[in-house]
């Protein structure tokens, strides 16, 4: 059972913008990277080849405290906040050493994908729900 | 005085992911595109060459209702929600025809940038504050 | 019959990097944007919903002469250089007013996509080959 | 003296497109990631804070042999092909296990950056030229 993941990363050149800092849109990608690494840690893939279910994002937010710059080493600590019947909620804390960089939230929903039809929400399959758990308080 | 902007856009191929829909990180970029277009409409640039002030993002969020797909034509309606002494708040509504796709919020802060020093928040200069106004309710 | 497309574009903030110029990886995306616009001009989509054929990129190159900066208005002139049985070759010229910014080439191949199988090259279907033609010299 | 770097990487979700494979524009970024890692291995940064010199890209190309997919583990082997007075040329080979995925080339130039002036090419400083060398044949 996995409930948290700490992703260690370095800022890449193409993630910076003309203000000399990481463009804010990248933080949402960093948070998702940590989510997918958490799933791998649980022995799962968020998007296996040929999968008929998927986990589209329902909501995502970030508050930004300090900028990240080129080659900065940082950590994304992702924790599972809630597992409901059809959704999972995470929170994320991005830090560079002792410095708090940003805090975020992410909610994803489980959906069935059938070619040519709209996605329909569905219950999270048991083999996933038994491998990921809410981070103990 | 400008208080709102309607950005019309088409989904580009590289904005889609393996789920066949626009990756959620792009919505934050779409919202920023609309912001910069609003500034141009007001006769301003958010980042003129050699500028000593900047507008880093303080917070940004999106709720996602429906996916966008390749070549979809959509609109981002950006409205100015609040202009405080040192920050501006926007809200965004992304639609495809009559369909609501996503709703977002964005808060930016005015900062002074001096090479080699941390960014420091400052009051929004008068020549900007007189060209952008809160959208009437 | 379409043989050329002129894409007009403005540099977006998130396309710049910490050097204050457009990151070079974006030029390959600009070239592809022009390609897809050329296809639309021909009444086609490069990737219709449910398509069983696709056009993966086989080769792409750029020589860079001058940088592009935030809010620069530029043009990508894409021309069809060769249509062979299974491949199409384009060349691209990126300009800002009278200034030459970059020149590129792109080769794409027609492939059949069957779920769970590797992509296999195939002849370009007649309804495509009759709508796109080589740019007259 | 460093002359080659092997970057190990996993494909991230946001690097895929609706065709289910890595979008070709990412290979140019992978190649650059390997270049910057090579510089760090040599005890250098390609873009130190406050630097007055830079290394804009002059040319870059890729030939694509096989696609990469989500979570594929791959390697970019970057080798230094030529160090001239003002330019450096690299070649790159992207592989997934024993499978050749793509081969690329990259040429960068050394320039002096003065705020408000165009970039001017200059000789590569000695402290860089003494740490990076051409890969022996």
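Chains as they are written, first to last, in our numbering: chain A, 8 to 144; chain B, 8 to 144; chain C, 8 to 144; chain D, 8 to 144. Using N, Cα and C, we set each Cβ at its ideal position, and we do this for glycine too.
| query | result |
| --- | --- |
| C-alpha distance - residue 81 of chain A paired with residue 18 of chain A, whole-angstrom precision | 8 Å |
| Residue 59 of chain D versus residue 122 of chain D: straight-line alpha-carbon distance, rounded | 9 Å |
| Min CB distance residue 70 of chain D to chain C below 8 Å | yes |
| Chain D contact for residue 32 of chain B (CB, 8 Å cutoff) | yes |
| Inter-residue spacing [alpha-carbon to alpha-carbon] between residue 134 of chain D and residue 41 of chain A | 38 Å |
| Whole alpha helix (DSSP H) elements within the segment 70 to 125 of chain B, 4-residue minimum | none |
| Cβ neighbour criterion (16 or more within 10 Å) applied to residue 23 of chain A | buried |
| Classification of residue 48 of chain D by the beta-carbon crowding that lies within 10 angstroms, buried from 16 upward | exposed |
| Cβ-based contacts, 9 Å cut-off: residues of the segment 76 to 92 of chain C near chain A | 76 and 77 |
| 6 Å Cβ shell around residue 113 of chain C - same chain, five flanking residues per side excluded | 38, 67 and 97 |
| Proximity of residue 20 of chain D and residue 71 of chain D at Cβ, strictly below 8 Å | no |
| Under 7 Å (Cβ pairs) to chain B, residues found in the segment 12 to 37 of chain D | 20, 21, 23, 24, 25, 27, 30 and 32 |
| Backbone CA spacing between residue 64 of chain B and residue 83 of chain C [nearest angstrom] | 31 Å |
| Residue 61 of chain D: contacting residues in chain C (beta-carbon distance under 8 Å) | 26 |
| Residue 19 of chain B (DSSP reduced to helix, strand or coil) | coil |
| 6 Å CB neighbourhood of residue 100 of chain A in its chain, flanking five on each side removed | 84 and 110 |
| Selection from C:28, C:140 and C:26 that minimises the alpha carbon distance to residue 89 of chain C | C:140 |
| Beta carbon proximity, residue 10 of chain D to chain A, threshold 8 Å | no |
| Check whether residue 52 of chain C and residue 61 of chain C have beta carbons under 8 Å apart | no |
| Near-chain B residues of the segment 114 to 134 of chain D (beta-carbon distance less than 9 Å), N- to C-terminal order | 122 and 123 |
| Interface partners of residue 41 of chain D on chain C, CB under 9 Å | Near residue 41 of chain D there are no residues of chain C at all, since even the closest Cβ is about 14 Å away, more than 9 Å. |
| Chain B residues whose Cβ lies nearer than 8 Å to that of residue 66 of chain A | 68, 69, 70 and 71 |
| Distance, residue 43 of chain C Cα to residue 104 of chain A Cα | 44 Å |
| With 16 other Cβ atoms within 10 Å as the buried cut-off, status of residue 8 of chain C | exposed |
| Segment limits, alpha helix (DSSP H) that includes residue 43 of chain C | 32 to 48 |
| Under 8 Å from the C-beta of residue 57 of chain A: neighbouring residues of chain C | 122 and 123 |
| Outcome for residue 29 of chain B when other beta-carbon atoms lying within 10 angstroms are tallied against a minimum of 16 | buried |
| Within chain D, the residues that residue 54 of chain C reaches when beta carbons sit closer than 8 Å | 25 and 26 |
| Assumed close pair residue 107 of chain D, residue 117 of chain D - CB separation to whole angstroms, cut-off 8 Å | With a Cβ gap of about 31 Å, residue 107 of chain D and residue 117 of chain D do not count as contacting. |
| Residue from A:26, A:50, A:73 and A:78 whose Cα sits closest to the Cα of residue 148 of chain A | Residue coverage of chain A in this structure runs from 8 to 144, which leaves residue 148 of chain A outside it and unanswerable. |
| Minimum Cβ-Cβ distance from residue 74 of chain A to chain B less than 8 Å | yes |
| Exposure of residue 57 of chain B, with buried meaning 16 or more beta-carbon neighbours within 10 Å | exposed |
| Backbone secondary structure at residue 66 of chain A - three-state DSSP | strand |
| Buried versus exposed, by CB contacts within 10 Å (16 or more), residue 74 of chain C | buried |
| Same chain, Cβ closer than 6 Å to residue 86 of chain C, five either side skipped, listed in chain order | 11, 98 and 142 |
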